[in-house]
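Worksheet: one structure, shown below.
Residue numbers (my numbering), protein chains in the order written: chain A, 7 to 88; chain B, -3 to 211.
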């Protein structure tokens, strides 16, 4: 690649960047490309979205998943003096 | 007469009975909670392991730990947060066990993701179709639906690709550990993760964003 990355290569680097630091050369070229390419800007956001949504799905509050009332019932049960 | 009975109860039993009823109700709500937790843990374990019997075993171990330590555990984290943390450790240990070293062989389905990626680009590496911006979910209900779509998309990933993705994004393995455990090159590992993320991005695009615009 002579100083320009294709969108395809940029997508690979955007994924790689989520796992490890990129080299200086790739970092600069990625930045230059992102500055002028809207498609790749959107891909960047989407990849970040996939990552954070996965975290939310696996780590998130149960009440985002379950019926809203369940956690309330649990709290009420626990607070009962016994 | 009946209302008199109900409101005052029967003399000495008056203090014992509501307490017993409260305890029974508490046990019942805890059972329901455990059942709900079990379902959630199973869904997570199946996605991360892709082996139903093994997933059941790890979830069972997790629930035993939850019940055993329940009296020690109080407050801070909700039961599900706590249960998921235990399960996560168990799944990570399972992946780190020596027996799992030989496990990842990419299948034809995993390889077929290459076509999914190829289809996005022209020969010169430019996108065939414009990539739209994703809208943020507008409320909690939308957020919930979005997570549910993601869950379907994760389930749709080819088996080994799904495992590698979950090892990285849920279990938090560094890529060099994933490569080492799976006996694949760093380059291969990057490619698997890149294809997984691209497939998920495209799946979310189709099933969530496009479906929202054209229901």
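Note that CB positions come from ideal geometry on N, CA and C, so glycine has one too. Since we're looking at a predicted model, the values are computed, not measured.
Given a cut-off of 8 angstroms, decide if residue 195/B and residue 153/B are closer than it, judged by their beta-carbon atoms. Here residue 153/B refers to the residue found at position 157 when the second chain is read from its first residue. Here residue 195/B refers to the residue found at position 199 when the second chain is read from its first residue. Going by C-beta atoms, residue 153/B is nearer than 8 angstroms to residue 195/B.
Using a threshold of 8 angstroms, state whether the C-beta atoms of residue 36/B and residue 76/B are closer than that. Position 40 of the second chain, counting from 1, holds the residue named residue 36/B. Position 80 of the second chain, counting from 1, holds the residue named residue 76/B. Closer than 8 angstroms, so yes.
What does a CB cutoff of less than 7 angstroms around residue 199/B pick up in its chain, not counting 5 residues either side in sequence? Locating residue 199/B in the second chain gives position 203, counting from the first residue. Excluding sequence neighbours, residue 199/B sits near 149 and 152.
Quick one: does residue 184/B have its CB under 8 angstroms from some CB of chain A? Taking the first residue of the second chain as position 1, residue 184/B is located at position 188. So, not an interface residue.
Length-filtered (3 minimum) beta strand (DSSP E) runs lying within the segment 11 to 47 of chain A: none
So, for residue 189/B: in the same chain, excluding its five sequence neighbours on each side, which residues have a beta-carbon less than 8 angstroms away from its beta-carbon? Position 193 of the second chain, counted from the start, is the residue given in the question as residue 189/B. Counting only Cβ-Cβ distances below 8 angstroms, and skipping sequence neighbours, we find 160, 161, 164 and 171.
Residue nearest to residue 41/B in terms of C-alpha spacing, selected from 16/B, 91/B, 20/B and 63/B: Translated into positions along the second chain, residue 41/B becomes position 45. Taking only the C-alpha atoms, the option nearest residue 41/B is 91/B.
If we ignore side chains and look at the alpha-carbon of each, how far apart do residue 105/B and residue 16/B end up? For the purposes of this step, residue 105/B is identified with residue 109 of the second chain, where counting begins at 1. For the purposes of this step, residue 16/B is identified with residue 20 of the second chain, where counting begins at 1. When rounded, the distance between both Cα atoms is 56 angstroms.
Can you pull out the residues from the segment 119 to 131 of chain B whose beta carbon lies closer than 8 angstroms to at least one beta carbon of chain A? 120, 121, 122, 123, 126, 127, 128, 129 and 130
Spatial neighbours of residue 49/A in its chain, beta-carbon cut-off 7 angstroms, leaving aside the 5 residues before and after: Locating residue 49/A in the first chain gives position 43, where the first residue counts as 1. So the qualifying residues of the chain are 17 and 20.
Member of 33/B, 93/B, 58/B and 103/B whose CA lies at the smallest distance from the CA of residue 74/B: Residue numbering aside, residue 74/B sits at position 78 when the second chain is read from its first letter. The candidate whose alpha carbon is nearest that of residue 74/B is 33/B.
Throw me the rounded Cβ distance for the residue 63/B and residue 38/B pair, which I believe falls under 8 angstroms. In the second chain, the residue the question calls residue 63/B occupies position 67. In the second chain, the residue the question calls residue 38/B occupies position 42. With a Cβ gap of about 16 angstroms, residue 63/B and residue 38/B do not count as contacting.
Contact list for residue 147/B against chain A, beta-carbon separation under 8 angstroms: Mapped onto the second chain, residue 147/B falls at position 151. What residue 147/B touches in chain A: 63.
Residue 209/B burial status per 10 Å Cβ neighbour count (16 or more: buried): On the second chain, position 213 is the one that residue 209/B refers to. Under this definition residue 209/B is an exposed residue.
Going by the beta-carbon positions, is the gap between residue 121/B and residue 12/A smaller than 8 angstroms? The residue given as residue 121/B occupies position 125 in the second chain. The residue given as residue 12/A occupies position 6 in the first chain. The answer is yes: Cβ separation under 8 angstroms.
What number of angstroms, rounded off, separates the C-alpha of residue 41/A from the C-alpha of residue 107/B? Here residue 41/A refers to the residue found at position 35 when the first chain is read from its first residue. Here residue 107/B refers to the residue found at position 111 when the second chain is read from its first residue. Spanning the two alpha carbons is a distance of roughly 32 angstroms.
What's the C-alpha gap between residue 83/B and residue 155/B? What you label residue 83/B is simply residue 87 of the second chain in a count that begins at 1. What you label residue 155/B is simply residue 159 of the second chain in a count that begins at 1. Cα to Cα, the separation comes out at about 20 angstroms.
Grab the span of the alpha helix (DSSP H) containing residue 86/B for me, first residue to last. Residue mapping note: residue 86/B aligns to position 90 of the second chain, counting from 1. Unbroken alpha helix (DSSP H) run through residue 86/B: 75 to 92.
Which whole-angstrom value describes the C-beta separation of residue 57/A and residue 24/A, a residue pair presumed to lie in contact below a C-beta threshold of 8 angstroms? Position 51 of the first chain, counted from the first residue, corresponds to residue 57/A. Position 18 of the first chain, counted from the first residue, corresponds to residue 24/A. So it is a contact: roughly 6 angstroms between Cβ atoms.
Does the beta carbon of residue 32/A come closer than 8 angstroms to any beta carbon on chain B? To locate residue 32/A, count along the first chain from 1; it is residue 26. Residue 32/A does not count as touching chain B.
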